[in-house]
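There are 2 protein chains.
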Amino acid sequence: MSDFVARKGHAAFGTRLRRLSERLDRDVRELYRAHGIDFEPSWFPVFAALSEMGAMSVGELAAHMRITHAAVSQIRGRLLKDGLVRVRADASDHRRQMLQLTERGEALVERLQPLWRAIADVTEAMNRQFSPKLLAELSAFEAALDQRSLFARVNEIASRPARTSARKLKGKSNGVR
Amino acid sequence: MSDFVARKGHAAFGTRLRRLSERLDRDVRELYRAHGIDFEPSWFPVFAALSEMGAMSVGELAAHMRITHAAVSQIRGRLLKDGLVRVRADASDHRRQMLQLTERGEALVERLQPLWRAIADVTEAMNRQFSPKLLAELSAFEAALDQRSLFARVNEIASRPARTSARKLKGKSNGVR
DNA sequence: TCATATTATGTAAGGCCTTACATATTGACG
DNA sequence: CGTCAATATGTAAGGCCTTACATAATATGA
């Protein structure tokens, strides 16, 4: 059975990226489980950021990770429930709460460290051997989208132009996210 | 605000891929909307396959797309509800139903064709200019994982070996998916 | 200092998948 | 030919995000 998505090439580029990212997430989750560690792949950037950069608000985490505050807020809820992070009131702004790892959270980081290192080492070795430019080109592609979104680029050449307000188009063409 | 995930490099490779795939899906969904077409990004491979290769069962679609039958089954439910595909009994195997595009489904493909072409053209142009090896290296990376999974590779070097049954490890190391 | 815009967050709903489980057929073979 | 493993699918639950909406607190400016 040939790989239809791969055969579609550039037309299914996004589908392709999603498929690989989910495959990696799956194996990483399986690694945590195999090592008896209760941890989800999506928590990694949160733990790494809090561990390396100290206490931070939901919004700051979202900005560092380049995902929405909603996603971070959901992870926060789960980590609070599990007692892995704790909130500290921000005296200067009562809308925010600084998140920081608890003792248990810090201990978990220590336990995860070797596994994270192993995953990074394997990924680096694989990329070096099979796809030496992948990571750099991923950055280049993202940077290009920062300059001009896919939406804007496609609309420029699509036969039937979008019927969207100028305001919306403008935001789409160079939003900073 | 620097990009923490990008800075993490190989350690956050999967997160990086997911982020880009969702960004692309988002813009593509927005393009459909802007062109007044009620269509979801995940339907693309299904429509393309049924349109190019004719009627197919849920399992066959899943195999071609390299995702689980569960995912295809969910898309099927939605497309049936929307009257975009129809089922035809498979006389030789009553467990299966062949899926095929309805008139409306075919008409939708015709309407989508130019947009799909534009998206593919833009993606190809961007890749040519900013990331000429990306697609090929993505294939190479996937092929490497087919030979030996990330799970197996990491377990080989991880300090505390996984406490998993041999049967499971074997499946993980070279499952064909 | 008060009304208003902006900012920080939480949360519901839904898109995109997966795993796990349940059911209905088929197919293999003793 | 009846029993049992294998196969094809549907579906619930849940992980990973997003958009849209609601609320509370802060910043702004007349």
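So the sequences go chain by chain: P and G. Per my numbering, the very first residue in the first sequence carries number -2; after that it's consecutive. Per my numbering, the very first residue in the second sequence carries number -2; after that it's consecutive. We treat Cβ as the ideally placed atom computed from N, Cα and C, and that holds for glycine.
- Using a Cβ-Cβ cut-off of 7 Å, THR120(G) counts as an interface residue toward chain P, since at least one Cβ of chain P sits closer than that to its own.
- If you compare the alpha carbons of MET62(G), ARG63(G), ALA104(G), HIS61(G) with that of VAL82(G), the shortest gap goes to ALA104(G).
- Restricting attention to alpha helix (DSSP H) runs no shorter than 4 residues, the segment 29 to 96 of chain P encloses them at 41 to 50, 55 to 62, 66 to 78, ordered along the chain.
- When 7 Å is used as the limit between beta carbons, VAL2(G) is near these residues of chain P: PRO42, MET62, ARG63, in chain order.
- Contact fails between the segment 43 to 50 of chain P and the segment 117 to 124 of chain P, because fewer than three Cβ pairs, one in each stretch, are under 8 Å apart.
- Using a Cβ distance threshold of 7 Å, PHE138(G) and SER70(P) do not count as a contacting pair.
- Across the structure, HIS66(P) and ARG73(P) are spaced so that their CA atoms are roughly 10 Å apart.
- The criterion of a C-beta distance shorter than 7 Å is satisfied by GLU27(P) and PHE148(G).
- Contact annotation: GLY11(G) and LEU21(P) have beta-carbon atoms nearer than 7 Å.
- Here the alpha carbons of ILE154(P) and ARG145(P) stand approximately 14 Å from one another.
- Of all residues in the segment 121 to 139 of chain P, only GLU121, MET123, ASN124, PHE127, SER128, LYS130, LEU131, LEU132, GLU134, LEU135, SER136, ALA137, PHE138, GLU139 come within less than 7 Å of chain G when Cβ atoms are compared, listed by chain position.
- With a 10 Å radius around the Cβ and a threshold of 16 neighbouring Cβ atoms, GLY80(G) comes out exposed.
- In terms of Cβ geometry, ARG13(P) and VAL2(P) form a close pair [threshold 7 Å].
- Each of ILE34(G), VAL25(G), ALA86(G) was checked against the Cα of ARG150(P), and the nearest Cα belongs to VAL25(G).
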